[in-house]
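Residues in the sequence shown are numbered from 251 upward in steps of one, following our numbering. No residue lacks a Cβ here, since even glycine has one placed at the ideal position from N, Cα and C. Computed from a predicted model, the values in this text were never measured in an experiment.
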Amino acid sequence: MKLAIIPARGGSKRIPRKNVKPFCGKPMIGYAIDAARRAEVFDRIVVSTDDAEIADVARAAGAEVPFMRPDELANDQAATVPVIAHAIGALAAGGSAPSLVCCIYPGVPLLRHDDLRRSLAMLEDGTSDYVFPVLEFPAAVQRALLREADGRVRPMYPQFTLTRTQDLPPAYYDAGQFYWGRAQAWLDGHSPHTHGRAIVLAADTAVDIDTPDDWARAEALYQARQTLRSAA
C-alpha cells in the first residue's frame, strides 16, 4: 500500500493557524491534499493532526483523519520522522500496513503532483530509503561570507576565495515539500538526508512559508503560475 501522510499540527507560531489560513481563496492544507489526489498513486491520504478544526478542513478536502496525534508529538520540538512513524504504527494497528509512505507537508501550495510521481519512480527503481526534492542554491555556497557585528566580512571557506564560481560544484537545499520513504525506514528512525536520493526542482516551484512576507511571495508566485496556465 502507498500512503500519503500530511502532518499538520495546530500550534503554528509565526503564522497563526497557518495550515487552515486561506491561501488564494482555499485553506492552505487543501493544496497538499489536492496534489496527493491528483498524483493518483496513493491508496490512502491521511492527515496527522492534534487540532479539531484542521481535521474537519482536511476531511472536507478529501483526506482521512482516522486518529488524532498525541500532544507529545505536536509541540515545537517534534521532529518529522517520529510523527510519521507514529502515523504508520497507528494505521498498522488498524489493519493498514503500508509499504511506501510519503510525508507531504501541509504548507506547499506550489507542489506539483508530477513531482510526487517522479520521486516515487526513483524510489521504486533504486535502493535508497527515501527520495525528496531539492533546490539549487542561487549562488556558490563555497564563496559564502561571514559578517561580523561591525559589518566586516570574511570568507566562510577561505580555501575557495580564488576559485572561480563556474569551477565549483552546485550545492542544493531541501525544498521542504515532501519525503517519499519506505515504511520500515520511517519506523527505524532513518533520516531522509542521510539515507536518501533527490530530484531537483525548478526555482519557482517551491517556497518556504515561515513569515507574512513569505506568504505574500508564495501567493504572487501561485497567481503568476495560474495566469500562465490560463494563457497557454
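- DSSP, reduced to helix, strand and coil, places A254 within a strand of the structure shown.
- For V291 and F387, the gap between their C-alpha atoms comes out near 30 Å.
- Taking C-beta separations shorter than 7 Å and ignoring five residues to either side along the sequence, the partners of T455 in its chain run L360, R362, following chain order.
- Separation of L370 and D438 (C-alpha to C-alpha, rounded to the nearest whole angstrom) is 20 Å.
- In this structure the region 313 to 323 touches the region 281 to 300; the number of beta carbon pairs closer than 8 Å is three or more.
- In the DSSP assignment, A448 falls within the unbroken beta strand (DSSP E) covering 446 to 450.
- Contact check for P405 against T413 fails: the beta carbons are separated by 8 Å or more.
- Judged by DSSP secondary structure, D463 falls outside any beta strand (DSSP E) and instead within the alpha helix (DSSP H) spanning 462 to 481.
- Counted as a single uninterrupted DSSP element, the alpha helix (DSSP H) harbouring V331 occupies residues 330 to 343.
- Q427 counts as buried, since no fewer than 16 other beta carbons sit within 10 angstroms of its beta carbon.
- Under the 8 Å Cβ criterion, the region 348 to 360 counts as touching the region 419 to 435, having at least three qualifying pairs.
- Shown here, L360 sits in coil according to DSSP, grouped into three states, outside any helix or strand.
- The region 318 to 333 and the region 252 to 265 touch, with no fewer than 3 CB-CB distances between them shorter than 8 Å.
- Between the region 267 to 284 and the region 302 to 311, the count of C-beta pairs closer than 8 Å reaches three or more; the two stretches touch.
- Between the alpha carbons of A481 and A286 lies a gap of roughly 25 Å.
- In terms of Cα proximity to P419, the closest of V391, V384, I255, D460 is V391.
- Taking all protein chains in view, the Cβ of K268 is crowded by 16 or more other Cβ atoms within 10 Å, so the residue is classified as buried.
- Cβ contact annotation for H440 (same chain, cutoff 6 Å, sequence separation greater than five): D379, in chain order.
- Its chain contains P383, L385, A425 as the residues whose beta carbon lies nearer than 6 Å to that of L451, once the 5 sequence neighbours on both sides are disregarded; these appear in chain order.
- For G280, the uninterrupted alpha helix (DSSP H) run begins and ends at 278 to 289, by DSSP.
- DSSP places V270 outside both helix and strand once states are collapsed to three, so it counts as coil.
- DSSP places V307 outside any beta strand (DSSP E); the residue lies instead in the alpha helix (DSSP H), whose first and last residues are 302 to 310.
- With respect to the 8 Å criterion, L373 and L350 are classified as neighbours on the basis of their beta carbons.
- L395: member of the beta strand (DSSP E) spanning 395 to 397, first to last residue.
- Counting only the Cα atoms, R402 lies some 42 Å from L323.
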